[in-house]
Structure formats: C-alpha cells, structure tokens
Amino acid sequence: MANITSEITLKVELDENRVPEKLNWTAQDGGIENAEAKAMMLSVWDSAAQESLRIDLWTKDMPVDEMKVFFHQTLVAMSNTFNRATQDEKMTATMKDFCDYFAEKLELKK
Numbered sequence: 003m004a005n006i007t008s009e010i011t012l013k014v015e016l017d018e019n020r021v022p023e024k025l026n027w028t029a030q031d032g033g034i035e036n037a038e039a040k041a042m043m044l045s046v047w048d049s050a051a052q053e054s055l056r057i058d059l060w061t062k063d064m065p066v067d068e069m070k071v072f073f074h075q076t077l078v079a080m081s082n083t084f085n086r087a088t089q090d091e092k093m094t095a096t097m098k099d100f101c102d103y104f105a106e107k108l109e110l111k112k
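Every letter in the sequence shown is one number past the one before it in our numbering, and letter 35, counting from 1, is 37.
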C-alpha cells in the first residue's frame, strides 16, 4: 500500500527589515487555497532533542485586540487538544479555568 501525503504551505511576505507584511497558507486537503492570515503559531516536537520548536509570526498590521482573542482561542484549542491526546480530565479542567481567567482579565467575555 502506498503512503499518502498531504502538504501544508506557508508563505510569508517580508518588508525590507524582514518583518512580516503578509501571511498566506494553503492546505488543499482542507479546502484552503492561498488564504490570508494576520498571525500564526506553529509548534513542532523534536523527539531527538526532547523539545518543542516554534514559529510565531504576525503581520505588522495585526491589531492588538485581535491578537488577544487569537491567543485566547489558541489556549482553548490547546486545552482541547491536550485532552484528546492525554485523556487527563483534571489537568484539562485546570487549563480551561486558566483560559476563563485569561479571557476575564483581558475583558474578552461579556
């Protein structure tokens, strides 16, 4: 049986100071074609080094209020992923409590 591959492509357009001006991504299997984004976070686990490698980028026109919402939604998503990956309900609840606290302190929830 042949291996199936899927490709996700990220394009970063930089200004003369190498600051991101535009972010676009494509994931054809997900129906995404050259979609624009204002921010992205990518984490990759390096098993040999036992460490997480990260790329965090945002465009210079990313509004701070949107960045706060982006972080909150990312933290919530990480809590859900943690639960699916570990089935650790107690720590998931703790993480979700922090997400609620984060949103409250940044006045993201009405």
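The C-beta atom is built at its ideal place from N, Cα and C for all residues, glycine as well. If you're wondering where the values come from, they're calculated on a predicted model, not measured in any experiment.
Spell out the partners DSSP gives residue i in its beta bridges.
i, result
"S45", "R56"
"A29", "I34"
"V14", "L25"
"A39", "L25"
Comparing C-alpha positions only, which one of the options sits nearest to residue i?
i, options, result
"N19", "N5, E53, K62", "K62"
"I1", "D31, M42, H74", "With the chain covering only 3 through 112, there is no way to say anything about residue 1."
"L12", "V78, E53, L59, M3", "L59"
"V14", "A37, T7, M3", "A37"
"E23", "T96, K40, N82", "K40"
"L44", "W27, D31, E35", "W27"
"I109", "K92, M93, E68", "Strictly speaking, residue 109 in this sequence is Glu, with Ile absent from that position. The residue with the shortest Cα to Cα distance from E109 is E68."
"Q34", "V21, I10, D17", "Checking the sequence, you will find Ile at residue 34 rather than Gln. For the residues V21, I10, D17, the minimum Cα distance to I34 belongs to I10."
Tell me, to the nearest whole angstrom, how far the beta carbon of residue i is from that of residue j; I am working on the premise that it is less than 8 Å.
i, j, result
"A29", "H74", "So it is not a contact: roughly 23 Å between Cβ atoms."
"C101", "V78", "5 Å"
"M64", "S81", "About 23 Å; that fails the 8 Å criterion."
"D31", "S8", "5 Å"
Check your understanding: For the 8 Å Cβ check, are there 3 or more pairs between the region 44-59 and the region 85-98?
Key -> no
Review point. Unbroken alpha helix (DSSP H) runs of length 4 or more, entirely within the region 78-111: which are they?
Key: 91-107
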